Amino acid sequence: MRRVAELRAFSIESRNMLNTSTVACSPAERIRRRFGRFLHAAELAGLIVIGLATAFAMAQEAWKVVLAGEVSLTDLLLMFLYLEVLAMDVRYLRLGRLPVRFPLFIAMTSLARDLILRGATDSPERMLMTTFGIVLLALGVLILSFGQHRYPAEVGDVEDDVRASR
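Written as structure tokens, this is what we have:
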């Protein structure tokens with residue numbers, strides 16, 4: 002019986018040691034925590050607004066396609082852009098971080114859409130510069146992918162990044 006009482010006392014004591022909310026903290030620390038929670042809430046609100054606005058814009062574009070009765074390649078690329086932005090938003094909401102490649106993919110798709118949309122009316126120089134921009138972005142994605150494969154992030158670094166973003 003005495004052994005059970007000792008174990009209970011140890012269990013309660015260890016729970017109290019792990020519970021950081023019982024530890025008194027300075028006013029500056031309380032302000033920092035509150036400000037951190039406020040920033041986290043503002044970040045979540047912003048991500049929700051971005052997600053809803055993207056979904057609404059995608060629905061509007063789909064409605065335009067339905068009313069027009071035909072689908073063009075530029076319409077599909079625009080909806081693909083919306084889908085990529087939505088996927089980026091969801092990924093950031095889930096993981097709290099975002100790979101740099103996502104915005105690069107969006108930029109490449111956007112430039113390709115611009116090239117297709119204005120291809121017949123653009124000057125050859127502008128078309129060449131846009132194509133060169135797409136190639137540079139693709140090269141950037143390739144370099145980032147190679148670097149990530151060749152020099153993977155340490156598990157602790159990734160966990161620290163996730164904790165720091167929250």
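Using my numbering, you'd call the opening residue of the sequence shown number 2 and step up by one each time. All C-beta atoms in this analysis are idealised placements derived from N, C-alpha and C, irrespective of residue type, glycine included. Note that the structure is a prediction, hence the values are computed from the model and not measured.
Using a Cβ-Cβ cut-off of 8 Å (strictly less than) and excluding sequence neighbours within five positions of E85, which residues of its own chain qualify?
-> Translated into the one-based positions of the sequence shown, residue 85 becomes position 84. Hits under 8 Å: F103, F106, I107, T110.
Taking the Cβ atom as the reference point for each residue, do Y83 and T55 lie within a distance shorter than 7 Å?
-> Indexing the sequence shown from 1 puts residue 83 at position 82. Indexing the sequence shown from 1 puts residue 55 at position 54. Cβ atoms of Y83 and T55: closer than 7 Å.
Verify whether the separation of the beta carbon atoms of E62 and M89 is less than 7 Å.
-> Within the sequence shown, residue 62 is the residue found at index 61, counting from 1. Within the sequence shown, residue 89 is the residue found at index 88, counting from 1. In this structure, M89 does not lie closer than 7 Å to E62 by Cβ.
Between R33 and L78, is the Cβ-Cβ spacing less than 7 Å?
-> For this step, residue 33 is matched to residue 32 along the sequence shown. For this step, residue 78 is matched to residue 77 along the sequence shown. Not a contact, by the Cβ cut-off of 7 Å.
Taking the Cβ atom as the reference point for each residue, do L112 and G134 lie within a distance shorter than 7 Å?
-> For the purposes of this step, residue 112 is identified with residue 111 of the sequence shown, where counting begins at 1. For the purposes of this step, residue 134 is identified with residue 133 of the sequence shown, where counting begins at 1. Cβ distance < 7 Å, so L112 and G134 count as in contact.
Buried or exposed for L96, please, with buried defined as at least 16 other CB atoms from any protein chain shown within 10 angstroms of its CB.
-> For this step, residue 96 is matched to residue 95 along the sequence shown. Its Cβ having fewer than 16 others within 10 Å, L96 is exposed.
Cβ distance (whole Å) where L87 is taken to contact G52 below 8 Å = Looking up residue 87 in the sequence shown gives position 86. Looking up residue 52 in the sequence shown gives position 51. Sure, about 6 Å apart at Cβ, within 8 Å.
Proximity below 7 Å, CB of I117 to CB of L74 | On the sequence shown, residue 117 is found 116 positions in, with the first residue counted as 1. On the sequence shown, residue 74 is found 73 positions in, with the first residue counted as 1. Cβ distance < 7 Å, so I117 and L74 count as in contact.
Which word fits L143, buried or exposed, when buried means at least 16 other C-beta atoms lie within 10 angstroms of its C-beta?
-> Taking the sequence shown and counting its residues from 1, the one referred to as residue 143 is at position 142. That one is exposed.
Going by the beta-carbon positions, is the gap between V67 and D76 smaller than 7 Å?
-> Here residue 67 is taken as the residue at index 66 of the sequence shown, counted from 1. Here residue 76 is taken as the residue at index 75 of the sequence shown, counted from 1. No.
Looking at the unbroken alpha helix (DSSP H) that takes in A108, where does it start and where does it end?
-> Numbered from its first residue, the sequence shown carries residue 108 at position 107. It spans 102-119 - the alpha helix (DSSP H) in which A108 sits, taken as one unbroken run.
Can you round the beta-carbon distance between G120 and M128 to whole angstroms, since I take them to be within the 8 Å contact cut?
-> Looking up residue 120 in the sequence shown gives position 119. Looking up residue 128 in the sequence shown gives position 127. About 7 Å; that satisfies the 8 Å criterion.
Exposed unless 16 or more other CB atoms sit within 10 angstroms - verdict on L45 | On the sequence shown, position 44 is the one that residue 45 refers to. The residue in question, L45, is exposed, as its Cβ has fewer than 16 Cβ neighbours within 10 Å.
What is the DSSP secondary structure of S124, reduced to helix, strand or coil?
-> For the purposes of this step, residue 124 is taken as the residue at position 123 of the sequence shown. Looking at S124 - three-state DSSP - the assignment turns out to be coil, as it is neither helix nor strand.
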